[in-house]
Structure formats: C-alpha cells, structure tokens
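Residue numbers (numbering that gives the first Met the number 0): 0 to 236.
Before any comments, here is the structure.
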Amino acid sequence: MVKRIFRISAANVFKIISFALLLASTAALTACDETQAVRLNQGGTSAAVFGSSCQDNSSDEICIGLKYVVYQDSEGNSVTDEAAARENLEGINRVWKQCGIAFQIEKYEVVDPSHEGLSFGGMRSQSQTDRIRKQYEDDSRFLIVTTGAWHAQKNAWTTPPGDAPYGAVMEGGISSGYSEIYAHELGHYLNLDHVTQGVSSNVMSTVIGHRSTELDHSQCREARATAKLFWAHMLRG
Ligand SMILES: [Zn+2]
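Structural data, given as structure tokens:
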C-alpha cells in the first residue's frame, strides 16, 4: 500500500491521500539534552543518539529508534539540516506522547544519492521510493529519508507493515516546519489508516494542518500493538 501526501496550501493545511488499494493501512516524546550525544547500550552494541533520547523515559512508554537520512546534491548542499531534524523530532514526539510512544534519532546521515545511482528528487513512483528504502534501510530502526524536490503534488510516501521495503520518503520542501506530516507518516509506519475526510484535528486525517495533532484511544492501541508485535526489534528500553 502506498501513501501520498498533498500539500494544498502553503499555509497551514496539507492534504493527504491514499491511493492504490485505498485500503490504506498504513501510526511519540523525548526528553533531555538536544545537543549532547547520549550513549546507548543495545544488546551489546552502542549507538549515539542525535537529539533527544527516549530510552530512559517512563517504563510503559514505547521508545523507537530512527535512522534519519538527508540527501545532499553533487555540490554538497544538503536539503535540510540537523536543527530541522531535531525540530521535527520534537514535533513528532509532541504528537505521539498521547499514545505513550516516543522516537529517538540514532543515526543521522547525509548522503549523496548519485553515489548509489539514485535520483536526487523528482519521485514519481513507488518503485523509485522503494529503491531508496532498499538502499538505506536499517534492520533495527525506522527509516526516514528526506530527498530533493519532487515537483509533484505528493511530498511523502510511506509503506505500512507487511509491505516491505520499509521507510518514509519525504521531499525536501517539507523538511522543516511540517512535523505534523512526519508524525502522520510514522502513523502509517505503525499501521494507522486515514481516519476522516477533510481538515480535522486528527493527525491521521486526509487533510491536516498544524492543529492536526490528535490521536484517539483506538489509534493509540493499534499503534502500540503494532510497535510491540511487528516492530519489536526496533524498540528500546
Ligand atoms: Zn497518509
């Protein structure tokens, strides 16, 4: 299944549409120092956390590791920066806190996609985004890749559980100031579908804005169950 997001206004409203099977299946908080890397111990390995860590938060909170990949062009210009990534993380976690779910960026990588024979931008198909997922996938973290501009209506594309390869692919234009879209895409990652038509306060609405930040009890239950059952190898703490 495929998710596409349409931003229909430069202001506060984004439209999100599911295609294809139209079944859409496709569903956090942090604390502590944003700049200082935190060392984690996970099964004998350690990883530095970029930004806030959720591993030491309350025991019933689900903490999920992220790999945050950012494209740069052939001249070395990145489509976004570390400050924007940290801001997105905070925005994502403000939304997901109500479900007792939090994310932490464990890997932040700036990559030149041309080294892998990948397009910088202009994503038009699932096969294109699947190539990105396959290239940068991580077997113990959710993947978020921010590419160059797509010059299309859609600007995000996430595969839900059961539809590998996995990963949320975002275009550079929404890399800063649109954390609700990142939170929405992670909702698809956690098996949440769209919930309503039109602008709504729910983050999984088909049209969302900066006030679309709510998740109800059933969504939280589904997201938490999906995290524990399907993504158990991505959880921390
Ligand atoms: Zn969506």
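Even glycine gets a Cβ: it sits at the ideal position worked out from N, Cα and C.
The structure displayed is predicted, hence computed values, not measured ones.
When the Cα atoms are used, what is the spatial distance from Ser58 to Ile131?
-> 34 Å
What span of residues does the alpha helix (DSSP H) with Gly90 cover, start to end?
-> 81-95
Identity of the residue in Cys53, Leu228, Leu191 nearest Leu214 by Cα | Leu191
Considering Gly208, what are the terminal residues of the alpha helix (DSSP H) in which it resides?
-> Looking at the DSSP string, Gly208 is not in any alpha helix (DSSP H); the run it does join, the beta strand (DSSP E), is 206-208.
Identify, in the order they occur along the chain, each residue of the same chain with its Cβ nearer than 8 Å to the Cβ of Ser113, setting aside the five sequence neighbours on each side.
-> Ser73, Phe119
Limits of the alpha helix (DSSP H) - the one that Lys153 falls within = Where Lys153 is concerned, there is no enclosing alpha helix (DSSP H), given that its DSSP letter is neither H nor E.
List the endpoints of the continuous alpha helix (DSSP H) containing Gln134.
-> 125-135
Sub-8 Å separation of Val78 and Thr128 beta-carbons = no
Three-way DSSP call (helix, strand, coil) for Glu213 in this model = strand
Can you tell which of Asn56, Gly186, Val48, Gly172 has the C-alpha that lies nearest to the C-alpha of Leu65?
-> Val48
Host beta strand (DSSP E) of Ala231 (start-end) = Premise fails: Ala231 is in no beta strand (DSSP E) and is neither H nor E.
Under a Cβ-count criterion, where at least 16 other Cβ atoms within 10 Å of its own Cβ denotes burial, should Gln54 be classed as buried or exposed?
-> buried
With hydrogens ignored, establish whether the beta-carbon of His187 is closer than 7 Å to any heavy atom of ligand 1.
-> yes
For Gly121, collect the residues of the same chain with a Cβ closer than 7 Å to its Cβ; drop the 5 residues on either side in sequence, then sort them by chain order.
-> Trp149, His150
Secondary structure of Ala163, DSSP reduced to three states = coil
Any 3 or more C-beta pairs closer than 8 Å across the stretch 172-185 and the stretch 88-103 = yes
heavy atom of ligand 1 below 7 Å from His193 C-beta | yes
Beta-carbon proximity list for Glu136, same chain, < 7 Å, skipping 5 on both sides | Leu142, Pro164, Tyr165, Gly166
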